[in-house]
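With the UniProt record's numbering, letter number 100 in the sequence shown gets 100, and the count goes up by one each step, no holes. Here the structure comes first, spelled out in structure tokens, and everything after it is commentary.
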Amino acid sequence: MTMRHTTHGACHAQMQLLRRLAPRSILKALLIASCISAATPAAAQNDKVLARVNGVDITSADVAFATGMYANRLGDMPEDARLSAVVDELIGLRLAADAAKAANVTNDEAYKRQMAFFEAQTLRSVFVAREVAKRVDEEAVRKAYDDQIGRMPSAQESRLRHMLLSTEAEARDVIAELDAGKDFATLAGERSKDEASKASGGDLGYLTPGQTMAEIEAAAVGLEPGQYTREPVASAFGFHIVKLEDRRTRPAPSFEALSGQIRDSLEAAATQSIMADLRAAATVEKLVPDVAPPAADDGHDHGAE
1 MTMRHTTHGA
11 CHAQMQLLRR
21 LAPRSILKAL
31 LIASCISAAT
41 PAAAQNDKVL
51 ARVNGVDITS
61 ADVAFATGMY
71 ANRLGDMPED
81 ARLSAVVDEL
91 IGLRLAADAA
101 KAANVTNDEA
111 YKRQMAFFEA
121 QTLRSVFVAR
131 EVAKRVDEEA
141 VRKAYDDQIG
151 RMPSAQESRL
161 RHMLLSTEAE
171 ARDVIAELDA
181 GKDFATLAGE
191 RSKDEASKAS
201 GGDLGYLTPG
211 QTMAEIEAAA
221 VGLEPGQYTR
231 EPVASAFGFH
241 IVKLEDRRTR
251 PAPSFEALSG
261 QIRDSLEAAA
271 TQSIMADLRA
281 AATVEKLVPD
291 VAPPAADDGH
301 DHGAE
């Protein structure tokens, strides 16, 4: 049982690496087949047997392992159909692997080249992952977050409500109702012509300069929290009444919100550094010209600019 657990764990780790590094599905198939080959009937006794090919069990653990590799192909398939499809795939892999071994495919140069390439891929992935882990830990991510937040300029935000009326006379009538004590949000829901905000009582949320119409922004400058404009504010859309709910300094994004992105960035930089160090320390002869790949198409015609 220990051997089964160890073998399956090693295969799982290899598959996680392969998802990021292997460029062809055939390499994935080779590893899945090799992992299934390692699961003998005796070693699989703690797993539910879902199929059997030439006396070799395909178990629920094998299926769970392979399902992650086939996730893109399986899509939103119902669970029972997903199970059936993965089992069929593993049966096919087992049959092909057995036939390949019987035909001495393991002695073919094509097989050896693919396995050597796959081994190099896996060695690189394991080595780089180990070295990156030494450089990028929680403390490094936290420090990068603190540095990033420290460089982030502070921004003032205003939380505004507004109402849009068709005429100046209508706007003055609403102002009179507000002066009489009517609730701004209630009146906005009843009277505002702005369909986008009336359902929320005219609430525009917290805005930084430049995020709303210049007329509304200018009208809010002279207000204190809780105040509304005492004169209609004209724009191309009609006449507005603006209320300032609150002013604040925009809060910094939380560590939880940014930590994943920061970690990815640090790991990418660490990977580049590790590979650059390896290359600098080695004797490398590249016998073809260095040619930069074409720039990715971003949808803009830069030549016309």
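Every residue, glycine too, gets a C-beta built ideally from N, C-alpha and C.
If you drop the 5 nearest sequence neighbours on each side, which residues of the same chain put their C-beta closer than 6 Å to that of residue i?
i, result
"residue 154", "249"
"residue 185", "201"
"residue 208", "155, 157"
"residue 189", "198, 201"
"residue 220", "158, 160, 242, 244"
Whose C-beta lies closer than 7 Å to the C-beta of residue i among residues of the same chain, with five residues either side of it excluded?
i, result
"residue 205", "159"
"residue 167", "239"
"residue 213", "235"
Should residue i be labelled buried (16 or more other beta-carbon atoms within 10 Å of its own) or exposed?
i, result
"residue 118", "buried"
"residue 288", "exposed"
"residue 164", "buried"
"residue 59", "buried"
"residue 202", "buried"
"residue 42", "At residue 42, the pLDDT of 41 sits below 50, so the modelled position is not reliable; the number obtained from the coordinates is stated separately. By the neighbour-count rule (16 or more Cβ atoms within 10 Å), residue 42 is not buried but exposed."
"residue 233", "buried"
"residue 281", "exposed"
"residue 150", "exposed"
"residue 68", "exposed"
"residue 276", "exposed"
"residue 139", "exposed"
"residue 123", "exposed"
"residue 161", "buried"
"residue 195", "exposed"
"residue 130", "exposed"
"residue 106", "exposed"
"residue 66", "buried"
"residue 84", "exposed"
"residue 89", "buried"
"residue 93", "buried"
Can you list, in chain order, the residues of its chain whose CB lies under 8 Å from that of residue i, leaving out five sequence neighbours each side?
i, result
"residue 134", "none"
"residue 247", "156, 157, 158, 159, 225"
"residue 87", "50, 51, 58, 63"
"residue 258", "145, 148"
"residue 128", "271, 274, 275"
"residue 132", "267, 270, 271, 274"
What is the DSSP secondary structure of residue i, counted as helix, strand or coil?
i, result
"residue 246", "strand"
"residue 166", "coil"
"residue 158", "strand"
"residue 207", "strand"
"residue 17", "Annotation note: pLDDT 41 at residue 17 (below 50); position unreliable, coordinate value reported separately. Of the three classes helix, strand and coil, the one that applies to residue 17 here is helix, per DSSP."
"residue 68", "helix"
"residue 275", "helix"
"residue 136", "coil"
"residue 107", "helix"
"residue 122", "helix"
"residue 201", "coil"
"residue 221", "helix"
"residue 183", "coil"
"residue 112", "helix"
"residue 254", "coil"
"residue 141", "helix"
"residue 86", "helix"
"residue 287", "coil"
"residue 75", "coil"
So what does residue i bridge to, in DSSP terms?
i, result
"residue 51", "58"
"residue 241", "163"
"residue 228", "243"
"residue 233", "240"
Does any residue of chain B bring its CB to less than 7 Å from the CB of residue i?
i, result
"residue 179", "Here there is only one protein chain, and chain B is not present."
Cβ contact (3+ pairs, closer than 8 Å) linking the stretch 142–152 and the stretch 251–264: yes
Specify whether the stretch 237–244 and the stretch 169–181 touch according to this definition: at least 3 beta carbon pairs, one from each stretch, less than 8 Å apart. yes
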